[in-house]
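Trainee: Reminder that position 106 of the sequence shown reads as 105 in numbering that gives the first Met the number 0, one-by-one numbering, no gaps.
Quick one: the structure is below, questions incoming.
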Amino acid sequence: MKIAVIPNLTREYALKTTKDVVLQLNKYDAEIIIADYAADEMEGTENVRFAPMQSAIEECDAVIAIGGDGTILHSGKIAASYSKPILGINAGRLAFMAGLERHELDLLDNLISGNYATDKRMMLDVMIFDESGMCVNRFNCINDAVFVRHINRTIIEVTVESNGRLINNYWGDGVIFATPTGSTAYSLSAGGPVVDPTIESIILTPVCTHSLFSHPIIFRADERMCVYATKDDENELCVSCDGEPPILIGAGCSVVVQKASITADFIRIKSDSFIEILNTKMLHP
């Protein structure tokens, strides 16, 4: 089995965890490809080779991401584009999306033997259109698409439609569109609901709105959501997908948010239920 290992070596325990993962995988004669940005730190490690991150993911059978949720998200989106399953190993603090903790590496034999399940997680497709209606940018999200103001001193107006019907004009700090996977991320902090990741849906969570109607709404997964930047608003709107650098949306432009055609396939080795993971990670971190 060919495994791509994608570590975030800025995490306190990531380097040791990565070396331990390699030692464990070597017991099962796995072919190990490590993202080449880690070559210096992993120098002298036996039975591995290095390749650019995207190339490693493209040619592997499965991906192991070592770090926190950000590392798993970034690697997971690339893995999803190549239809490769991903296993997250926690080398940080919370890592809600991790399938294993660093003290559970002996369970990796289940990955090699195929004794695991794959959870197919819904993703979002985010398309930015200019004033002429041309798509000028497109992204996929595992967690969320966050619409915020470009200038942080004042509030902004955001118009949201669903399948061509007006939902609301939100005055405030912005709005979040989350997947069920992302319901436990920023959306939760902004007052959104926790949604079981097996229930496909799009969650709209307003952020600090100056409105009597500011409650989160859960939409069906086949809804086509549209966000407009108000033309006469001096504070330009930005969108950030899964915490990546924000993209400026010009006045008069629009953004469509809908269910993506691909899924993020997370490897599940342990039998913990969603509620058990929620209790462990969120209630007793």
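In this text, a Cβ means the ideal position worked out from N, Cα and C, and glycines have one as well.
Just so we're clear, the structure is a prediction, and the values are computed from it rather than from any experiment.
Whole angstroms are fine: how far does the CA of THR16 sit from the CA of GLY43?
Mentor: Using only the alpha carbons, I get a separation of about 16 Å.
Trainee: Pick out whichever of LEU211, THR197, ASP28 and ASN89 has its Cα sitting closest to the Cα of ILE274.
Mentor: For the residues LEU211, THR197, ASP28 and ASN89, the minimum Cα distance to ILE274 belongs to THR197.
Trainee: Starting from PHE273, trace the alpha helix (DSSP H) both ways and give me its first and last residue.
Mentor: That run of the alpha helix (DSSP H) goes 273–277.
Trainee: What are the boundary residues of the beta strand (DSSP E) that THR158 is part of?
Mentor: Per DSSP, THR158 belongs to the beta strand (DSSP E) from 155–161.
Trainee: For ASN142, which beta-bridge partners are listed by DSSP?
Mentor: ASN142 is not bridged to any residue.
Trainee: Taking all protein chains shown into account, decide if TYR27 is buried (16 or more other Cβ within 10 angstroms of its Cβ) or exposed.
Mentor: Exposed, since its Cβ has fewer than 16 Cβ neighbours within 10 Å.
Trainee: For LEU8, does the three-state DSSP call read helix, strand or coil?
Mentor: It is coil, neither helix nor strand.
Trainee: Kindly list the residues whose CB is nearer than 7 Å to the CB of GLU57, restricted to its own chain and excluding five residues on each side of it in sequence; keep chain order.
Mentor: Result list for GLU57: TYR81, in chain order.
Trainee: Around the C-beta of PRO6, are 16 or more other C-beta atoms found within 10 angstroms, so that it is buried, or is it exposed?
Mentor: PRO6 is buried by the Cβ-count criterion.
Trainee: For THR178, list the residues DSSP reports as bridge partners.
Mentor: Its beta-bridge partners do not exist; DSSP assigns none.
Trainee: Can you confirm whether the stretch 138–147 touches the stretch 164–182 when touching is taken to mean that 3 or more C-beta pairs between the two stretches lie within less than 8 Å?
Mentor: Yes, the stretch 164–182 touches the stretch 138–147.
Trainee: If you draw a straight line from the alpha carbon of LEU86 to that of ILE32, how long is it in whole angstroms?
Mentor: Approximately 15 Å between the Cα atoms of the pair.
Trainee: Alpha carbon to alpha carbon, what distance is there between ASN168 and GLU156?
Mentor: Distance between the alpha carbons of GLU156 and ASN168: 6 Å.
Trainee: Name the residue from ASP60, GLY132 and ALA79 whose alpha carbon lies nearest to the alpha carbon of ARG120.
Mentor: Comparing Cα-Cα distances from ARG120 to each of ASP60, GLY132 and ALA79, the minimum goes to ALA79.
Trainee: One question on the structure: do GLU130 and CYS240 come within less than 8 Å of each other, judged by their Cβ atoms?
Mentor: No, they are not a contact pair.
Trainee: Could you check what DSSP says for TYR27 in three-state terms: helix, strand or coil?
Mentor: Here TYR27 sits in coil by DSSP.
Trainee: For a quick check, are the C-beta atoms of ALA61 and ALA13 less than 8 Å apart?
Mentor: Contact flag unset, no.
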